[in-house]
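Colleague: Reading the sequence shown from the start, the letters are residues 1 to 98 in UniProt numbering.
Note that beta-carbon positions come from the ideal geometry of N, C-alpha and C, so glycine has one too.
What you are looking at is a predicted structure, and each value in this text was computed from that prediction instead of being measured.
Got a structure for you, questions after.
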Amino acid sequence: MREADETTRRRLADALRAEPATPSELAAAFDLTPNAVLRHVEHVSRTIDGRDDEQFLVAPPECRDCGFADFDDLLNRPSRCPSCKSESIAEPTFTIDD
């Protein structure tokens, strides 16, 4: 792993400790693509899960039209709702809580 990736992941984790954020919000704040943020956040979540004093929490993506929120992969940005096929999907929100 490159040192720059480790630094980015630490900065992302620190931001998520401060306040909840979506992939797009983190991407804008750290000058990354939302997909790059998701890869980093996935690693951060595995690191946090090994600690007893913190929890990585995810508010799942949700369809704005029908309210469907039972997506299989919470660390993803779905493009359409499997229930109503709408493309109006709210992004997941991540946070680290202690």
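1) I'd like the span of the alpha helix (DSSP H) that includes leucine 74, first residue to last.
2) With a threshold of 16 other CB atoms inside 10 Å of the CB of threonine 33, please say whether the residue is buried or exposed.
3) Between leucine 16 and cysteine 84, what straight-line distance do the alpha-carbon atoms span, to the nearest angstrom?
4) Between Ala13, Cys63, Arg9, Thr8, which lies nearest to glutamine 55 when the distance is taken from Cα to Cα?
5) State yes or no: is the C-beta of arginine 64 nearer than 7 Å to some heavy atom of the ligand FMN?
Modeller: Once the coordinates are examined:
1) Note, leucine 74: premise wrong, no alpha helix (DSSP H); not H, not E.
2) exposed
3) 31 Å
4) Ala13
5) Questions concerning the ligand FMN fall outside what the structure shown contains, since it holds no ligand whatsoever.
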